[in-house]
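Structure, as structure tokens:
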């Protein structure tokens, strides 16, 4: 998977780097002074680590969604079930 720096925004003392791939886009905050002082190699290493974290997070979310779908299958038959109450209702 390949990500590209699509945009850089500076707000005060923080830089926001927007990284994009074909199917994903996310931002990485880094103090501007730190960004200025990083070598190209160290910046690339830092961003690779952030991308790995993002990929792991997306995998966790996908796994959780699949687990939730399986849980829903177990109780989906309850949807639409009618519940009758016998007798009078006192208000």
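Numbering (my numbering), first residue to last: 2 to 92. Even glycine gets a Cβ: it sits at the ideal position worked out from N, Cα and C. Being a predicted model, the structure only gives us computed values, none of them experimental.
Straight-line gap, residue 84 to residue 75 (C-alpha atoms, nearest Å): 19 Å
Three CB pairs or more closer than 8 Å across the stretch 9-20 and the stretch 57-65: no
Cβ-based neighbour list, residue 32, same chain, cut-off 8 Å, excluding 5 preceding and 5 following: 14, 15 and 16
Cross-strand partners of residue 29 (DSSP beta bridge): 18
Same chain, Cβ closer than 6 Å to residue 36, five either side skipped, listed in chain order: 16
Within 7 Å, strictly: CB atoms of residue 7 and residue 24: No; because the gap between Cβ atoms is not below 7 Å, this pair is not in contact.
Inter-residue CB distance, residue 51 and residue 29 (contact presumed, cutoff 8 Å): Residue 51 to residue 29, Cβ: 5 Å. Contact.
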